[in-house]
Amino acid sequence: MHFINFLLFCLSYVLTVLETLHPSEDPFSIDVSKAGLTQGGPPASTPRASSTFGSPGPPTHQTPLIPLTPAKDSIGTPKDPILPRPTTVMGGGEGYRTVAYFVNWGIYGRKYFPHTVPADKLTHVLYSFGDNREDGEVILTDQWSDIQIHYEGDSWNDQGNNLYGNLKQLYLLKKKNRNLKVLLSIGGWTYAHEQKHFDTPASTPQGRKKFADSCVQLIKDLGFDGIDIDWEYPRDQDQGHQLLLLLQAIRSAMDAYASKLEGETGTKPQFVLTIAAPAGADNYNNIPLGAIAQVLDFINLMAYDYSGSWDKAAGHQANLFPSTSVPACTPFNSQSVIDAYVSKGVPANKIVLGMPLYGRAFTNTDGIGKSYNGSGPGSWENGVWDFKALPQPGAQEYSDEESGASYSYDQNTRTLVSYDTLDMAKKKAKWIKQKGLGGAMWWELSGDRQGEGSIVNGVVAELGGPSSGRLEHHANWLIYPDSQYDNLRKGFPNN
Ligand SMILES: *[C@@H]1O[C@H](CO)[C@@H](O)[C@H](O)[C@H]1NC(C)=O
């Protein structure tokens, strides 16, 4: 990764120089993929539900169905030194969040740029991923993509120290869409799971403080509205407790900085803190969920990757319910995970249901719940297809109402792909309302269709639509007087 980043950096430098000599009319015409850098991003950065992705047999997960009970305060957890966030009430209160990951490698092969983000439909964008050093310092992972690439409207003649890249564009989207909050998402599969970067700093007070302080530094400098932590996954109770302490440190550092800021009418920012949370019981049982929920604004449940190439049978990857007729096709189900979270003290309206904008493939199979052999090619990695590429030509879509899941199957190639169709995604939106959940989240934006067939559009409409008052209404923050970047300090008056 570091070597690739270095290559990207060199390439971006060359492009920047070339661009300075020959400013192009259309900045999107810079085609990095043609330079053979389509693998610029982490190869497998999907936040995954199972701790054992890549190895057979994720933990069996037969949580008994627990009836939904009213949200309780944290049960048997240490006293939270930080003031609990007020619990919100759907409908009359803050409303549903619509949350989506934007990946900073998406601008390369995937050609997904900030201007494509459905900013008027989202309450939160999770900008991924930030990483951290061993001492806890949080850092950007692709300077060119994050803060350097010049897009349309970016001058090459600005004086001083100025911000460009995706983060300038996202700030401009915030200016036009005052309900859109942009969070820096730190960790993810590559940095947190494969490289275990949280382990060292999370385990000491100094590490957590440095982590929290540098989160605030990035908020100050880059115009974020908050922080999202994707620790996949605390491996035991100790690390679960360290996650709580880390979140408390970030919360208090953000609150301290917020108290120093002031808007025109004396308003203060409320920086947002969220996590990506696991659906596997072996993982979430390590986390003090009730206590963590009090520190967080909401929890993004990774309710996908329930099934994939590590399983014995072709199964659903994002089903709501267990299948009683074909149990082999539902090793996990969202219903039982949410019931478990609620029983551990997480208010249902703080749980945001994650949904995939991609499908997982199984080849040489006779159907759902049956054995398979291989997963075939995919859009960007083997066996994983963007939603917008599905169904593949020749395949037919099916809905499994009992499981609350959909898939496609091609009888000729005997290939099954598990994913949410637009219709199933809308059904999930109805379920979110029924269960009083906190909204919808997607991994990740570049997989969606544009316009008519868009899952984000369809689900947002089902939740009531952006102007219905059903979505969370909470203004983002635009005033960053301490940024190192001149143009952000002034609020980009020329854009
Ligand atoms: C699975 O496919 C591979 C080749 O793609 C083949 O070598 C292997 O025998 C197959 N396994 C089974 C159980 O059919």
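Count the sequence shown with mature numbering (1 follows the signal peptide of the UniProt record, and there is no 0) and you get residues -16 to -1, 1 to 479, in order. Just so you know, even glycine gets a beta-carbon here, dropped at the ideal spot from N, CA and C.
Ignore the nearest five residues each way along the sequence and tell me which others in lysine 328's own chain have a CB closer than 6 Å to its CB. The residue labelled residue 328 in the question sits at position 344 within the sequence shown. Around lysine 328: Leu273, Gly274.
Sequence ranges, beta strand (DSSP E) only - wholly within the region 320 to 361, length at least 3: 335 to 340, 342 to 346
Measure the C-alpha to C-alpha separation of glutamine 434 and lysine 414 and round it to an integer number of angstroms. By 1-based counting over the sequence shown, the position of residue 434 is 450. By 1-based counting over the sequence shown, the position of residue 414 is 430. Cα to Cα, the separation comes out at about 22 Å.
Determine contact between the region 142 to 155 and the region 181 to 194, defined as no fewer than three beta-carbon pairs at a distance below 8 Å. no
Look at isoleucine 429 and glycine 207 and say whether their C-beta atoms are less than 9 Å apart. Residue 429 sits at position 445 when you count from the first residue of the sequence shown. Residue 207 sits at position 223 when you count from the first residue of the sequence shown. Correcting the residue identity first, residue 429 is leucine in this sequence and not isoleucine. No, Cβ-Cβ distance for leucine 429 and glycine 207 is not below 9 Å.
Glutamate 385 burial status per 10 Å Cβ neighbour count (16 or more: buried): Position 401 of the sequence shown, counting from 1, holds the residue named residue 385. So glutamate 385 counts as exposed.
Assigned secondary structure, isoleucine 133 (DSSP; H/G/I helix, E/B strand, else coil): The residue given as residue 133 occupies position 149 in the sequence shown. Residue state, collapsed to three classes: coil.
Glycine 20 to serine 452 span [Cα, whole Å]: Within the sequence shown, residue 20 is the residue found at index 36, counting from 1. Within the sequence shown, residue 452 is the residue found at index 468, counting from 1. Note that glycine 20 scores a pLDDT of 27, beneath 50, so its modelled location is shaky; the value from the coordinates is reported in the next line. Cα to Cα, glycine 20 sits roughly 45 Å from serine 452.
Span separating the alpha-carbon of leucine 168 from that of glycine 210: In the sequence shown, counting from the first residue as 1, residue 168 sits at position 184. In the sequence shown, counting from the first residue as 1, residue 210 sits at position 226. Spanning the two alpha carbons is a distance of roughly 7 Å.
Any idea what DSSP makes of valine 310, helix, strand or coil? Mapped onto the sequence shown, residue 310 falls at position 326. Three-state result, valine 310: coil.
What span of residues does the alpha helix (DSSP H) with glycine 274 cover, start to end? The residue you call residue 274 lines up with position 290 of the sequence shown. Counting along the chain, the alpha helix (DSSP H) containing glycine 274 begins and ends at 273 to 279.
Selection from Asp115, Cys313, Ser392 that minimises the alpha carbon distance to glycine 172: What you label residue 172 is simply residue 188 of the sequence shown in a count that begins at 1. Ranking the options by Cα distance to glycine 172, first place goes to Asp115.
With 16 other Cβ atoms within 10 Å as the buried cut-off, status of isoleucine 335: The residue given as residue 335 occupies position 351 in the sequence shown. Buried, by the Cβ-count rule.
Touching or not, the region 296 to 308 and the region 235 to 255, by the rule of three or more beta carbon pairs under 8 Å? no
Coil, strand or helix - glutamate 446 by DSSP: On the sequence shown, residue 446 is found 462 positions in, with the first residue counted as 1. Correct three-state label for glutamate 446: helix.
Note down the Cα distance separating proline 377 from tyrosine 85, rounded to an integer number of angstroms. Position 393 of the sequence shown holds residue 377. Position 101 of the sequence shown holds residue 85. Approximately 28 Å between the Cα atoms of the pair.
Indicate whether leucine 406 and glycine 338 have their beta-carbon atoms separated by less than 9 Å. One-based indexing of the sequence shown puts residue 406 at position 422. One-based indexing of the sequence shown puts residue 338 at position 354. No.
What does the alpha-carbon distance come out to for the pair methionine 74 and tryptophan 215? Taking the sequence shown and counting its residues from 1, the one referred to as residue 74 is at position 90. Taking the sequence shown and counting its residues from 1, the one referred to as residue 215 is at position 231. With a pLDDT of 37 at methionine 74, under the threshold of 50, the predicted position of this residue should be treated as unreliable, though the coordinate-derived value follows. So the alpha carbons of these two residues sit roughly 28 Å apart.
Am I right that leucine 231 and isoleucine 276 are in contact with their C-beta atoms under 8 Å? What's the rounded C-beta distance? Position 247 of the sequence shown, counted from the start, is the residue given in the question as residue 231. Position 292 of the sequence shown, counted from the start, is the residue given in the question as residue 276. Correct: roughly 6 Å between the Cβ atoms.
Quick one, are the C-beta atoms of isoleucine 259 and leucine 229 less than 9 Å apart? Taking the first residue of the sequence shown as 1, we reach residue 259 at position 275. Taking the first residue of the sequence shown as 1, we reach residue 229 at position 245. It is not a contact, given that the beta carbons lie outside the stated cut-off.
When the Cα of leucine 227 is compared with those of Thr251, Ser198, Asp183, which residue comes out closest? The count along the sequence shown starts at 1 and reaches residue 227 at position 243. Nearest C-alpha to leucine 227: Asp183.
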